[in-house]
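Novice:
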């Protein structure tokens, strides 16, 4: 009785043959797109058998590589010869698990007369004669079984438009206007108003098919017009420039089928809690799930989506050109309703790779992806989407004749730091927009204990090394420790010191970049999350626990920050006000000796306009002398510190303090009172209860100051012994303990 009986696959990974009752109904070669196969000839009444037979990805990819000729890749794997997540073949933070399977939902769908093949809502805001109008241009593709007259009823909010679809027509457009809509904003700029949008396909008064989604009205612009300094990369939402407080996002599990909506929601809420407003979905992973983008819509997280090409030269010959076009069309249409999605980017580091990674000689005349990034993808973004800006690569400087990682132009990736240079060299950079930078550390204690059975625990034991995928990763960690921190005495020191070093490195970078605004317009830290237990650049480890870096992000991405920055041979205090209200306050700061003696103090009245910065160069008596340090000292003012020497060279006294505990609902409160300077005080309750969390970290106190930690853990609260353990090593740590 049906005109159409279709098998719909939202995700098959990757090369597969689909059979129904022994009849082949379709084949696939791309995990990044949806497939639909006509099953009418194969389906029967009663029981049916559906078989999906997968080809090993290495078999397919290596055959394509042999046919088309090898091309450069950051890793000795054939992942650039198959439309599959590049990180499945291993990365410098992830395992090689190039599996196969049905990784997204499967449906059997039936229809009569006609169906909605695709609905793409082009959402915009128009301003005319002082009136604001929200506009939804519905672009609708149809699949027909005949020439019946059809009708589309299109709704946005409480406004409806009906259009007639003539007999035989396979597409239609409808415009719905919503007067004075409430705008969608990032969470730190305003509210996230969402509207219901719907399309009903009808014939003779009968509904044949329907589509519904939530949308948001907002305008996205990317200002890349050359200026006197080069070329900016400035994101604007609803006409207002946004200083991007971003992180890079990788797939949240190595085995994608294990990612569920609850896990995604936990991760995204952790991002919002850290003050993050932008996620770059990295090009070596996947176009994320509907749940991911829906939650970003609701939570006010902007998303920059890479097309899925990463760190390799990609063939442009068939079948890849057609697969890439189908993949891009599919995901441009699928993700169009989401107001959180603000930019499309052509690739991760491939244009940079062609310039700097010795690709040109081995490539010769072979294709490498330039046709995708400069021709096909921008054409498709304009054609299918049309409401979001496109940028050819990350990094990219805005013109093909420029080096793609030129700091005065467009977006940059900073990897000399970590790979070769100390993190203090972030201050050598004056970028317009930083799309990647980061620093490694091992995961939390509880996660380390889950990932290794090595005894005794040491940085170089076999399992610790197996869970370190970066080239010379442990040596780079040690280089950072040697440059900044006292000698490591045991594994507990190594774990704590490396985590603190990671947090300091990234915080230094963010605060430097924020001090450069509006010249610099954003930072996107590598990376928010992990896909398994591993030593990596993540702020949240593979077991979902917060590393000290997460707390550093929360401080550095606060709307208002104070940061000491070098100024010639001296130092200046920079105040950054990324809020809509002027910032008037009294700032007090102290000049201290390592023993905590105050050698000088100052109280200053400051005023910083909304979305602006101010700075004060410290001279005379308030300028620190060698061996001294500066600290801001008012409870209602952001804490900032400046040290004239590294911790390894400071004459710190051994940490002394008192610590008291008291029960609170759901956990324990720990009050620490400093008797000496306490440098980067942290509390690690996961050493006592793997499920325990704490509300703050990385506190530097001078004598007499207090810090109150709130530990959430029913298990610790129920145990006197565990509660007592919160007040001493290895749970409570300071650099100078």
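Residue numbers (UniProt numbering): 1 to 737. We put the CB at the ideal spot given by N, CA and C, even for glycine.
1. What's the call for residue 322, buried or exposed, on a 16-neighbour Cβ count within 10 Å?
2. I'd like the list of long-range same chain contacts for residue 319, defined as Cβ closer than 7 Å, with 5 residues on each side in sequence excluded.
3. What are the residues that DSSP puts in a beta bridge with residue 38?
4. In its own chain, which residues sit with a C-beta less than 6 Å from the C-beta of residue 300, not counting the 5 before and 5 after it?
5. From 76, 125 and 434, pick the residue whose C-alpha is nearest to that of residue 405; which is it?
6. If we count Cβ pairs, one from each stretch, closer than 8 Å, do we get three or more for the region 601 to 608 versus the region 580 to 591?
7. In terms of residue numbering, what span does the beta strand (DSSP E) encompassing residue 410 cover?
8. Kindly identify the DSSP beta-bridge partner or partners of residue 341.
9. Enumerate in chain order the residues of its own chain whose CB-to-CB distance from residue 219 is below 6 Å, with the five nearest sequence positions on each side excluded.
10. Just grab the DSSP bridge partners of residue 215 for me.
11. How many Å lie between residue 276 and residue 221 at the Cα?
12. Tell me whether residue 80 sits in a helix, a strand or coil according to DSSP, three-state version.
13. Take residue 627 and list the residues in its own chain whose beta-carbon comes closer than 8 Å to its own, dropping the five residues that flank it on each side.
14. DSSP beta-bridge partners for residue 54?
15. I need the straight-line Cα distance from residue 331 to residue 89, nearest angstrom please.
16. Out of 350, 273 and 295, which one is the CA nearest neighbour of residue 262?
17. Going by C-alpha distance, which of 668, 676, 677 and 229 is nearest residue 683?
18. From which residue to which residue does the alpha helix (DSSP H) around residue 720 run?
19. Can you tell me whether residue 2 is buried or exposed, with buried defined as 16 or more other CB within 10 angstroms of its CB?
20. Could you tell me the boundaries of the beta strand (DSSP E) in which residue 680 lies?
21. Is it the case that the region 518 to 528 contacts the region 239 to 248, given that we only count it when at least three CB pairs across the two stretches are under 8 Å?
22. Does DSSP put residue 497 in a helix, in a strand, or in coil?
23. Which residue marks the beginning of the alpha helix (DSSP H) containing residue 581, and which one marks its end?
24. Please report how far the alpha carbon of residue 486 lies from the alpha carbon of residue 510, in whole angstroms.
25. Below 8 Å CB to CB, which residues in the same chain sit around residue 691 once its five sequence neighbours on both sides are set aside?
26. What residues match up with residue 756 in a beta bridge as DSSP calls it?
27. Thinking C-alpha only, which one of 252, 264, 285 and 399 is nearest residue 409?
28. Which residue or residues does DSSP assign as beta-bridge partners of residue 245?
29. So, is residue 59 buried or exposed, given that buried needs 16 or more other C-beta atoms within 10 angstroms?
30. In terms of alpha-carbon separation, which member of 388, 492 and 577 lies closest to residue 734?
31. Just to confirm, are residue 533 and residue 462 a CB contact at a threshold of 7 Å?
32. Which full runs of the beta strand (DSSP E) of 3+ residues lie inside the region 514 to 558, going along the chain?
33. What three-state label does DSSP hand residue 485 in the structure shown?
34. Identify, in the order they occur along the chain, each residue of the same chain with its Cβ nearer than 7 Å to the Cβ of residue 141, setting aside the five sequence neighbours on each side.
35. Can at least three beta-carbon pairs, one atom from the region 360 to 377 and one from the region 387 to 399, be found at a separation below 8 Å?
36. If you check the beta carbons only, do residue 165 and residue 150 fall under 7 Å apart?
Specialist: For this structure:
1. exposed
2. 29
3. According to DSSP, residue 38 bridges with 6.
4. If you ignore the 5 residues before and after residue 300, its C-beta comes within less than 6 Å of the C-beta of 186, 187 and 192, all in its own chain and listed in chain order.
5. 434
6. yes
7. In the DSSP assignment, residue 410 falls outside any beta strand (DSSP E) and carries neither an H nor an E.
8. 303
9. 125 and 238
10. 195
11. 20 Å
12. helix
13. 593, 594, 644, 645, 650 and 651
14. Per DSSP, 16.
15. Straight across, the Cα-Cα distance linking residue 331 with residue 89 is about 23 Å.
16. 295
17. 668
18. 720 to 725
19. exposed
20. 678 to 683
21. yes
22. helix
23. Where residue 581 is concerned, there is no enclosing alpha helix (DSSP H), given that its DSSP letter is neither H nor E.
24. 25 Å
25. 713 and 715
26. In this structure the chain extends from 1 to 737, so residue 756 is not present and cannot be described.
27. Of the listed residues, the one whose Cα sits closest to residue 409 is 399.
28. In DSSP, residue 245 forms a bridge with 523.
29. Under this definition residue 59 is an exposed residue.
30. 492
31. Contact flag unset, no.
32. 522 to 525
33. coil
34. 117, 118, 170 and 171
35. yes
36. Result yes, Cβ atoms of residue 165 and residue 150 sit closer than 7 Å.
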